[in-house]
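Report on one structure; see the data block that follows.
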Amino acid sequence: MGRIGSSIVVMAFVRKIETQSLLVNGKPVHFALKKIQDVLLTSSHVSEVPHRHDFYTVIWIQKGSGNHRIDTHVFPVIQNSLFFIHPEQVHQLTTSEDSTGIALLFTHDFLVENGIIDAFMMRLNLFHEKGAATRITVSENDAYLQNLRTQMEQFYVLDDTFRSEKLSALLKLFLIYCSELAKDQLPAAWKEMDEYPKVVNKFKKLVDQKYSEWHKVNQYAEKLLTSPNYLNELVKKHTGRSAKAHIRNRLVSEAKRLAYFTHLSNKEIGFQLGFNDPSHFAKFLRQFVLSDNI
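Here's what the structure looks like:
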């Protein structure tokens with residue numbers, strides 16, 4: 162452990178990446194609004210180990226500095242910045258001791274129970290299952306966003322019949338507004354998404370759900386009621402990479418993630434990724450992972 166300025170930096174490796182559930186006072190919940198100080202697990206303002214959540218996370222840093230490690234990327238924490246973290250992503254947040262802000266935490270069940278469908282979450286283009294996360298900045302004087310936050314804080318502590326409905330409505334407005342900000346700040350990501358036909362988005366979602374079970378294009382094509390050749394061509398036309406390459410890259414991303422954050426052996430990583438034959442995974446490593454210097 163070393164100290165850099167007023168921040169404490171910890172790099173901890175674990176046998177298995179922990180997946181944390183959404184708890185308040187030790188009890189499972191579907192929605193929580195917490196101060197950033199309460200989200201960090203230690204008094205040193207560092208998440209002890211890299212970990213996953215089984216819920217969505219929005220972190221709004223209003224004051225302070227530090228680093229936010231998301232998967233294998235490190236993003237600097239700056240004032241008035243927001244991070245959007247998908248349940249599949251591994252992250253570790255390190256902040257300075259004077260940092261302030263909030264975290265909005267909500268489960269997929271919370272979305273379903275309040276009529277917020279998966280298609281809406283995809284259209285937001287804020288939460289990504291792998292790779293870089295969405296980080297945006299907001300004005301310190303953004304009255305609209307501050308007002309939404311204040312209302313959520315007020316309803317969160319009330320025992321109200323329509324508490325969940327009120328919170329979900331405010332959350333939806335909050336996310337829509339952030340999505341519009343992100344579209345202005347990160348136009349390339351939105352241009353790419355707008356050009357995708359529905360089948361490509363469905364394919365990408367399936368890959369994120371089934372990558373460890375389905376390694377072949379025909380498995381996805383069958384689910385999408387199309388042919389492997391057509392799926393390959395369509396995906397390549399709109400993304401620049403074939404369907405096969407997307408499946409392979411998802412496996413590579415997860416292999417790197419597990420190698421980076423755990424002490425699992427290559428054989429154990431291969432088993433988690435659906436490679437029952439260690440020799441097949443060894444060949445995959447040599448061809449696609451080790452060649453990337455990971």
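Take the sequence shown: its letters are residues 162 to 455, numbered as in the working numbering. We treat Cβ as the ideally placed atom computed from N, Cα and C, and that holds for glycine. Source: prediction; values computed, not measured.
query                                                                                                        : result
Completely contained alpha helix (DSSP H) runs for the stretch 182-253, where each covers 4 or more residues : 197-200
Rounded Cβ spacing between Q223 and Q240 (contact assumed at less than 8 Å)                                  : 7 Å
Nearest residue (CA-CA) to L183, options D270, F244, L243 and F281                                           : D270
Beta-ladder partner(s) of F267, from DSSP                                                                    : F192 and Y217
Residues near S226 in its chain [Cβ-Cβ closer than 6 Å; skip 5 each side]                                    : V238 and S257
Beta-carbon spacing of A193, L266 below 7 Å                                                                  : yes
Inter-residue CB distance, R324 and I263 (contact presumed, cutoff 8 Å)                                      : The Cβ separation is near 18 Å, so there is no contact.
When K428, Y372, L392 and F445 are compared against K359, the one with the closest alpha-carbon              : L392
Every unbroken alpha helix (DSSP H) inside the stretch 367-442 [4 residues or more]                          : 378-384, 389-400, 404-422 and 427-433
For I297: DSSP bridge partner residues                                                                       : L243
Residue range of the unbroken alpha helix (DSSP H) whose run includes R284                                   : D279 to L285
First through last residue of the alpha helix (DSSP H) which encompasses R324                                : R324 to Q346
Residue nearest to L104 in terms of C-alpha spacing, selected from P189, D320, L419 and I231                 : A query on residue 104 cannot be resolved here, the shown segment of the chain reaching from 162 to 455 and no further.
Distance CB(T218)-CB(I246) smaller than 7 Å                                                                  : yes
Coarse secondary structure for E179, derived from DSSP in three states                                       : strand
Integer-rounded CB distance, given that I278 should sit under 8 Å from S329                                  : Their Cβ separation, rounded to whole angstroms, is 12 Å, which puts S329 and I278 out of contact at 8 Å.
Beta-carbon proximity check, R411 vs Y372, cutoff 7 Å                                                        : yes
R310 - containing alpha helix (DSSP H), residue span                                                         : A304 to Y317
Minimum C-alpha distance to Q312 - residue among N390, V413 and E326                                         : E326
C-alpha gap between Q346 and I430, whole angstroms                                                           : 36 Å
Residues bridged to G262 (per DSSP)                                                                          : I222
C-alpha distance - S440 paired with N390, whole-angstrom precision                                           : 28 Å
Nearest candidate by alpha-carbon position, reference D199, set P189, K188 and T261                          : T261
Reference K417, options F445, T298, V396 and Q370, closest by Cα                                             : F445
Expected contact under 8 Å - CB spacing of I220 and Q250 to nearest Å                                        : With 8 Å as the limit, I220 and Q250 do not qualify as a contact, their Cβ atoms being about 12 Å apart.
K397 versus D438: straight-line alpha-carbon distance, rounded                                               : 29 Å
7 Å Cβ cutoff met for T295 and F216                                                                          : no
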